Structure formats: C-alpha cells, structure tokens
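Everything in the sequence shown is counted per this note's numbering, starting at 50 for the first residue and increasing by one.
From the three backbone atoms N, C-alpha and C, an ideal C-beta is built for every residue, glycine too.
These figures come from a predicted structure and were not determined experimentally.
Here's the structure we're looking at; comments come further down.
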Amino acid sequence: MIKMAEDFFRKLFNIVINKSCPYYPCHFDGQTCIWCFCPFYPCEDQELGKYIERKDGSKVWSCENCWWIHREDVACEVLKEILKLVKDKDIDEMIEILKDHKLMLEIKEKVKERVR
Ligand code: SF4
50 MIKMAEDFFR KLFNIVINKS CPYYPCHFDG QTCIWCFCPF YPCEDQELGK YIERKDGSKV
110 WSCENCWWIH REDVACEVLK EILKLVKDKD IDEMIEILKD HKLMLEIKEK VKERVR
C-alpha cells in the first residue's frame with residue numbers, strides 16, 4: 050500500500066470509529082462515529098432524546114441516551130440518504146443541504162421506518 054493511501058485510510062477509519070477520541074465510546078463500545086455531529090440535531094424526537102434544563106434554567110436538547118445514530122446500520126442508511134441529495138453538488142451546496150433542518154428530519158423519519 051502506498052503511503053498516501055495509508056494516510057487516507059487512517060483518516061477515514063478515524064472518522065468511522067474514532068477510538069483515539071477522548072470521549073470514545075460516548076454511547077457504546079463498537080459504535081460508529083460517522084455522525085459525531087448528528088445531522089438531525091435537535092431532532093426533538095422523544096423516542097431518541099429529551100430536553101434537559103441547564104443551570105441557568107434554559108432548555109437544551111440532550112442526545113445522551115441516543116444510541117440510534119451510532120449504530121452502523123443506521124449510520125450507513127443516513128449516509129446513503131444524504132449522499133443521494135449531495136452527489137452532484139459542490140461542498141458549499143452540500144453544507145447548505147445539511148442546514149435544511151426540515152429535509153434532514155424527513156431523512157431521519159425515512160431511515161427510522163427502515164431501521165429501528
Ligand atoms: S437524539 Fe439522536 S437522532 Fe436526535 S438529534 Fe440527538 S443524536 Fe441525533
């Protein structure tokens with residue numbers, strides 16, 4: 050294997066399962082970290098997370114108990130759905146698509162129907 054390929058695979062695997070992260074495993078051993086930042090945040094889906102109170106009394110959406118997005122089968126389905134939307138876009142357009150919260154929540158529902 051050439052060095053450039055090895056470097057690439059190191060980067061890739063560090064995203065997929067980032068065992069060098071100080072928080073790993075933040076949910077369960079063997080989890081995938083592809084969606085370290087969840088594209089659905091805040092999903093407001095009571096089956097997955099909940100609002101909690103900060104010290105100042107304001108509310109924040111907590112994903113502490115959401116294992117769903119870190120499951121390999123779920124993460125891959127989410128990736129497939131997002132790739133369908135961004136495949137012919139440039140990077141700025143891709144990010145704009147990810148910022149479309151309504152669209153992201155539609156993807157979440159679609160994937161949730163398939164992989165529970
Ligand atoms: S609860 Fe789960 S799916 Fe919802 S925003 Fe948090 S990590 Fe994403």
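At the C-beta level, residue 154 and residue 89 come within 8 Å of one another. Relative to the ligand SF4, residue 89 has its C-beta within less than 7 Å of a heavy atom. Relative to the ligand SF4, the beta carbon of residue 157 is positioned inside 7 Å of a heavy atom. Relative to the ligand SF4, the beta carbon of residue 70 is positioned no closer than 7 Å to any heavy atom.
Proximity of the beta carbon of residue 83 to the ligand SF4 is not indicated: no heavy atom of the ligand is located closer than 7 Å. Bridge partners of residue 109 according to DSSP: 101. Distance from the Cα of residue 129 is smallest, within the candidate group 150, 112 and 84, for 84. With distances taken between CA atoms, residue 152 lies nearest to 92 out of 102, 92, 111 and 139. In the same chain as residue 61, and ignoring 5 residues on each side of it, no C-beta atom comes closer than 8 Å to its own. Boundaries of the alpha helix (DSSP H) harbouring residue 158: 150-163, taken from the DSSP string.
Rounded to the nearest angstrom, the gap between the Cα atoms of residue 103 and residue 74 is 24 Å.
Judged by DSSP secondary structure, residue 59 falls within the alpha helix (DSSP H) whose first and last residues are 52-65.
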